[in-house]
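Colleague: I am attaching a structure below and will ask some questions about it afterwards.
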Amino acid sequence: MIDMVDKFREQFYKKLRDVNDVKSLEELRLDFLSKKGQVSALMKELSKVPDEKKKEYGRLINNFKKELTDRFEDRKSEIVSLQEKLLIDGAESYDESLPVNCPDGSYHPITLVQRELEDIFESMGFDVEDYNEIVDDYHCFEALNIPEFHPARDMQDTYYLTTPKELLKSHTSAAQNAILKKYGPMLHETGRPIRAVFPGRCFRNEAIDANHENTFFQMEGIMVDKDISISNLIYFMKTMLSEVFGREVTVRLRPGFFPFVEPGFELDIQCLICGGKGCPSCKNSGWLELCPCGMIHPNVLKHGGINTDEEPFKYTGFAFGLGLTRLAMMKYGVGDIRAFNSGDLNTLSQFKSI
Ligand SMILES: [Zn+2]
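The sequence shown begins at 10 in our numbering and counts up by one.
Here it is in structure tokens:
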């Protein structure tokens, strides 16, 4: 009997050492501590021993059972706590929604610039509009006085979808026609001027470098009313830029050709990274082309259903296309445009407190 107890004890401890999960723990319990286990088998053997030995062996088996039960419970507690820890650790390791070094999350710098601009323009009475990223050829080009085969299309090579005439918009101007048609009737009926900005993601088939991306953000703005002139355009642009940068910035206006404006201008801003000395971001020119603008071409107004006749009023308007991505580079001193689409949290999370 004593030999059997020693033998089972040795087997039990050997198996206990290999127990690492709940399943093998249960197997061990069935082997030794269940009604059909080794300890019960020993109890049955007890009936075969002589009466004078029964008390001694009975105590031996009971002590053995208690020893095994205690060790079993100890190991069970260890395994359960280990399992709980593993579950928690596992959850931490595989939760991809937790940003690195950035527990509170942060806004993308372009989002910050966009929201700031929206606030500025809303304070000047502009409506903020949204528009599709997939547009058709008419809205992206034809309605903007860029007919098929016009050479201006070469400057805006974009990504065409399999559906005929559908493409990813190459500029936010693609929304102009829809905005004019939305607010035009109100202008004609109540005299309420059209004042709208429409930010959005744009796409072009570009070779990517420190200054060019195939995906970037613009904010287009238009104002249409009676007797709108270039003076109105300059006033709004100056007000907006001084708000964005919080200081006087040096700008210049150059004549520029864009089919959807007449006359058209290029609004340049002196490079805030190098202060005009020249750096990779400004192609060493000291200036950054920030904003094409001008007076909306009468053909564009006509496509949008705006009355351009002299009677009862001659409606005119200005339009501008701000490069939000470029503006964010200028505002935060980002030297390489590729940082914005990199998904690099170490870079992007730096803007959370701005
Ligand atoms: Zn520069």
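All C-beta atoms in this analysis are idealised placements derived from N, C-alpha and C, irrespective of residue type, glycine included.
No experiment lies behind these values; they were computed from the predicted model shown.
Determine, using beta carbons only, whether H306 and P268 come nearer to each other than 8 Å.
Modeller: Yes. Within cutoff.
Colleague: I need the boundaries of the beta strand (DSSP E) containing F349, first residue and last residue.
Modeller: Taken as a continuous stretch (DSSP letters only), F349 belongs to no beta strand (DSSP E), as it is neither H nor E.
Colleague: Using the rule of at least 16 other Cβ atoms within 10 Å of the residue's Cβ for burial, across every protein chain shown, is D104 buried or exposed?
Modeller: Any reading at D104 needs caution, since the residue's pLDDT is 43, under 50, leaving its predicted position unreliable; the model's value is listed next. Exposed: under 16 other Cβ atoms inside 10 Å.
Colleague: By the three-class DSSP mapping on this structure, what secondary structure does Y140 have?
Modeller: Reduced to three states, the DSSP call for Y140 is coil.
Colleague: Are there three or more Cβ pairs, one per stretch, closer than 8 Å when the region 53 to 70 is compared with the region 18 to 34?
Modeller: No, because fewer than three Cβ pairs between the region 53 to 70 and the region 18 to 34 fall closer than 8 Å, the two stretches do not touch.
Colleague: With distances taken between CB atoms, is the gap from R335 to L297 smaller than 8 Å?
Modeller: Yes; because the gap between Cβ atoms is below 8 Å, this pair is in contact.
Colleague: Cβ of S251 within 7 Å of any heavy atom in ligand 1?
Modeller: Not so, every heavy atom of ligand 1 lies at least 7 Å from the Cβ.
Colleague: How about I243 and I203: do their beta carbons lie closer than 8 Å?
Modeller: Not in contact: I243 and I203 (Cβ atoms no closer than 8 Å).
Colleague: Please classify F269: does DSSP put it in a helix, a strand, or coil?
Modeller: Of the three classes helix, strand and coil, the one that applies to F269 here is coil, per DSSP.
Colleague: Run through DSSP, which three-state label would K32 get?
Modeller: Three-state DSSP puts K32 in a helix.
Colleague: Nearest to V309 by alpha carbon, out of K190, L250, F245?
Modeller: When each option's Cα is compared against that of V309, the closest is K190.
Colleague: Pick out the complete alpha helix (DSSP H) segments inside the region 144 to 212, 4 residues or longer, and give them in chain order.
Modeller: Those alpha helix (DSSP H) runs which fall completely within the region 144 to 212 and span 4+ residues are 146 to 149, 185 to 199.
Colleague: Tell me where the beta strand (DSSP E) around R263 begins and ends.
Modeller: Counting along the chain, the beta strand (DSSP E) containing R263 begins and ends at 260 to 264.
Colleague: To which residues does DSSP link T224 through a beta bridge?
Modeller: Answer by DSSP bridge pairing, in chain order: F212.
Colleague: Around the Cβ of G134, are there at least 16 other Cβ atoms within 10 angstroms (buried) or fewer (exposed)?
Modeller: Exposed is the call here.
Colleague: Do the region 251 to 258 and the region 149 to 162 make contact, defined as three or more Cβ pairs closer than 8 Å?
Modeller: Judged by Cβ distances under 8 Å, the region 251 to 258 makes no contact with the region 149 to 162, as fewer than three pairs qualify.
Colleague: Is the beta carbon of G342 within less than 7 Å of some heavy atom of ligand 1?
Modeller: No; taking the cut-off as 7 Å, the Cβ of G342 has no heavy atom of ligand 1 nearer than that.
Colleague: Does ligand 1 have even one heavy atom less than 7 Å from the beta-carbon of C291?
Modeller: Yes; taking the cut-off as 7 Å, the Cβ of C291 has a heavy atom of ligand 1 nearer than that.
Colleague: Using the C-alpha atoms, what's the distance from D318 back to G209?
Modeller: About 32 Å.
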